[in-house]
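Residue numbers (our numbering), protein chains in the order written: chain A, -11 to 379; chain B, 190 to 503. For glycine and all other residues, C-beta sits at the position ideal for the given N, C-alpha and C. Reading through the structure tokens given below for one structure.
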């Protein structure tokens, strides 16, 4: 019988609880703000015998991911956590983890990338990793971060792909919020144990991992298999989310909307800012405006069909990106959305915004301004294109 | 104690038919090191480089046992991860507590002295039960003989050229073995593929010492040294005999010279004997460059004196 406990904790404490309950055989830890309290909390669990994980404090994030790769190839359930410059430092290792099809789980505390140096929230770090073959999930709040982390180990191991549950730095990682944690027994049963198809420690079937792929088209064939695997993970993520949802009573969808049944103007966003967008949407709808909000929980693989389907009835949409793709026509989420709409044959006016870089405040008034911009756009107003919001 | 008869009975862990050059010191180093593992199960890893590209051409593998290549600078971190997984799986009861597996990471001097230095230092400091082996041929040979911090002073390399304004590499070599010994890990040794018995014995100690161990192995590269393939073993012995690459070990903090008996008795041979057959040092023997040769001898003498003192100090 699944029993949930209501607790008030920081987002990182929720994630650390999930890590303890998942109980990886090996965890590689390195401090970086605002991720650090995840591995600190985990170190306390280890010190107090709450978990038997081999806890390894490496000397850099590059070595954290390198060691994760060695560990996962040796058959262990393997986890780490990082943020910002740390994720950037391990960039070289991210496509290797995915290319070797290793089911590593790494929470990321979303934070700006220098220069100038800044420790606060944006999505520049995650977006730098979006093409690496990792499954990426964005949490709106601590509850989703907890749920995604537990789902992630199943998603990783069932799809042989690394998974990054991302939560917004400070806003989610450090704010205390109320949520529910599941009892240990139910989580243990839900996550099961890792049963690797191949392992370096399988004495009878030794393997070569990471060979030099230069003969014929072996490299391209392996990359094609990765593309097919990450595309195929979309229904698997949904199924695992549904299975977890049955236990928790919290539903899961790749794309979640509010007010989208009749919305003419909509805002699409990732992460914690969905809260403010929802609040403004609720207020405007109470005033009779046909507005709606959409957030993605799954970002890679990109749920293009589901997103286009949700947006198809709109006259104008705004995509709020918490990072920029400098020199590109818009931010990364907006580019993905344009591609999804184009692919689905949905012709809707789209205005890309960049917001909240380096923790810049996203106020309700900013969101309201976006809705007013969209109303102009619906009325046939000019689309001024990429806009930095709030400054 | 290794003897050749017993060594021939040990499992062949690196098969012939790999694509390394004739006379390559790296494959000799790997074969001799892995003899030290006896008949234990071994998980090996190596850094990007000649050894990797020549022994792991997918879908073929020359490694008779599990092997991992990750990237250039992280052979130590990668194997440390595999070793941690082993411990974690044992703690979880997923593999038997009495199962014995040896973990070994290989890297060239570029992948060890330079780009992999931090990864190596971290893995040694953390105390993983693993052996790290550097096969030192004194340059980035796989990318085409570029200088590394292991390249000897005044050696020619493609990024430390010899010309009217420069005499090869300006800087002297980094003493990596001492640096790792100063991590105060249980076992550190320097050896050469030219003295197989000494090397296999050291590898055996390294594998059988609980905790981290480090072996730095002189492994000549005929392409980069501009020498004949048939001269590898002789050059590897001369490296030791001249004191260019002294043979020593540090066991639980105790420094010991392990030089061949004939050298202990008769003293070091002049470093010229080691340098002269090598094309990368040919400018040292041109008229007018006597000072470079003198400097080479002086550096060897100074380093040898330093080692003797470290051995005597205890």
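1. Mapping DSSP to helix, strand and coil, what is residue 339/A?
2. Looking at the unbroken alpha helix (DSSP H) that takes in residue 449/B, where does it start and where does it end?
3. Here's the rule I'm using: 16 or more other beta-carbon atoms within 10 Å means buried, otherwise exposed. How should residue 474/B be labelled?
4. How would you call residue 250/A, buried or exposed, if buried means at least 16 neighbouring beta carbons within 10 angstroms?
5. Compute the beta-carbon to beta-carbon distance between residue 281/A and residue 265/A, rounded to the nearest angstrom, for a pair I have assumed lies under 8 Å.
6. Just grab the DSSP bridge partners of residue 202/A for me.
7. Between the segment 364 to 379 of chain B and the segment 195 to 202 of chain B, can you find at least three pairs of beta-carbon atoms closer than 8 Å?
8. Residue 294/A and residue 336/A - do their beta-carbons sit closer together than 9 Å?
9. Run through the DSSP bridge pairs and tell me what residue -2/A is partnered with.
10. Is the CB-CB distance between residue 298/A and residue 248/A below 9 Å?
11. Could you name the residues that DSSP lists as bridge partners for residue 235/B?
12. Would you mind reading off the limits of the alpha helix (DSSP H) that contains residue 241/A?
13. Express the C-alpha separation of residue 385/B and residue 378/B in angstroms, rounding to a whole number.
14. Using CA atoms only, rank isn't needed, just tell me which of 461/B, 267/B, 335/B and 434/B is closest to residue 492/B.
15. Residue 260/B CB to nearest chain A CB: under 9 Å?
16. Check whether chain A comes within 9 Å of residue 447/B, counting only Cβ atoms and requiring the distance to be less than that.
17. Kindly say whether residue 141/A, judged by its beta-carbon, lies nearer than 9 Å to any beta-carbon of chain B.
18. Give me the subset of the segment 65 to 82 of chain A whose CB atoms are less than 9 Å from a CB atom of chain B, sorted by chain position.
19. Could you name the residues of chain B that residue 200/A contacts, counting a contact when the two beta carbons are closer than 8 Å?
20. Does DSSP classify residue 129/A as helix, strand or coil?
21. Under 9 Å, Cβ to Cβ, is there at least one residue of chain A near residue 232/B?
22. When we look at the beta-carbon of residue 36/A and count the other beta-carbons within 10 Å, is it buried (16 or more) or exposed?
23. Where does residue 205/B fall in DSSP's three states?
24. Do the CB positions of residue 259/B and residue 121/A come within less than 9 Å of each other?
25. With the cut-off set at 9 Å, would you say residue 96/A and residue 152/A are in Cβ contact?
26. Tell me the DSSP bridge mates of residue 335/B?
27. Since residue 403/B sits in a beta bridge, which residues does DSSP pair it with?
28. Quick one: which residues of the segment 3 to 37 of chain A get their C-beta closer than 9 Å to a C-beta of chain B? List them in chain order.
29. In chain order, what are the residue ranges of uninterrupted beta strand (DSSP E) at least 3 long that sit wholly in the segment 24 to 57 of chain A?
30. Going by beta carbon distance, what residues of the same chain come within less than 6 Å of residue 45/A, once the five residues before and after it are set aside?
31. For the beta strand (DSSP E) containing residue 284/A, name the first residue and the last one.
32. Between the alpha carbons of residue 394/B and residue 342/B, how many angstroms are there, rounded?
33. By the DSSP assignment, the beta strand (DSSP E) with residue 440/B in it spans what residues?
34. Secondary structure at residue 308/A, three-state DSSP: helix, strand or coil?
35. To the nearest angstrom, how far is the alpha carbon of residue 48/A from that of residue 300/A?
36. In chain order, what residues of the segment 182 to 210 of chain A put their CB closer than 7 Å to some CB of chain B?
Taking the structure as given:
1. In the three-state reduction of the DSSP assignment, residue 339/A falls in the strand class, which pools E and B.
2. Taken as a continuous stretch (DSSP letters only), residue 449/B belongs to no alpha helix (DSSP H), as it is neither H nor E.
3. Exposed, by the Cβ-count rule.
4. Counting Cβ neighbours within 10 Å, residue 250/A comes out exposed, since fewer than 16 surround it.
5. About 5 Å; that satisfies the 8 Å criterion.
6. Residue pairing of residue 202/A in beta bridges, as defined by DSSP: absent, with no partner found.
7. Segments in contact, no.
8. No. Outside cutoff.
9. Paired residue(s): 164/A.
10. Yes; because the gap between Cβ atoms is below 9 Å, this pair is in contact.
11. Answer is 258/B and 295/B.
12. According to the DSSP assignment, residue 241/A belongs to no alpha helix (DSSP H), since it is labelled neither H nor E.
13. Cα to Cα, the separation comes out at about 14 Å.
14. Residue 434/B is the option with its Cα nearest to residue 492/B.
15. Cβ-Cβ to chain A under 9 Å: yes for residue 260/B.
16. Chain A, which has no Cβ nearer than 9 Å to the Cβ of residue 447/B, makes this no.
17. By this cut-off, residue 141/A is not an interface position.
18. Hits within the stretch, in order: 65, 66, 80 and 81.
19. Result: 241, 242, 245, 246, 247 and 258.
20. Per DSSP, reduced to three states, the secondary structure at residue 129/A is coil, with no helix or strand assignment.
21. At least one chain A Cβ lies under 9 Å of residue 232/B.
22. Within 10 angstroms of the beta-carbon of residue 36/A lie fewer than 16 other beta-carbons, which makes it exposed.
23. Coil at residue 205/B, not helix or strand.
24. Residue 259/B is not a Cβ neighbour of residue 121/A, given a cutoff of 9 Å.
25. Yes.
26. Partner residues in the beta bridge of residue 335/B, as assigned by DSSP, are 329/B.
27. Residue 403/B is bridged to 321/B and 377/B.
28. Along the segment 3 to 37 of chain A, going in chain order, the ones with a CB nearer than 9 Å to a CB of chain B are 11, 12, 13, 14, 15 and 16.
29. Listed in chain order, the complete beta strand (DSSP E) runs (minimum 3 residues) inside the segment 24 to 57 of chain A are 42 to 45.
30. For residue 45/A, where only same-chain residues beyond five positions count, the Cβ hits under 6 Å are 17.
31. Where residue 284/A is concerned, the enclosing beta strand (DSSP E) stretches over 279 to 284.
32. Using only the alpha carbons, I get a separation of about 32 Å.
33. 437 to 440 is the span of the beta strand (DSSP E), which, as asked, contains residue 440/B.
34. The answer is strand: DSSP assigns residue 308/A an E or B state.
35. C-alpha separation (whole angstroms): 45 Å.
36. Taking 7 Å as the Cβ-Cβ cut-off against chain B, the residues of the segment 182 to 210 of chain A that qualify are 188, 189, 191, 194, 195, 196, 197, 198, 199, 200, 201, 202, 203 and 206.
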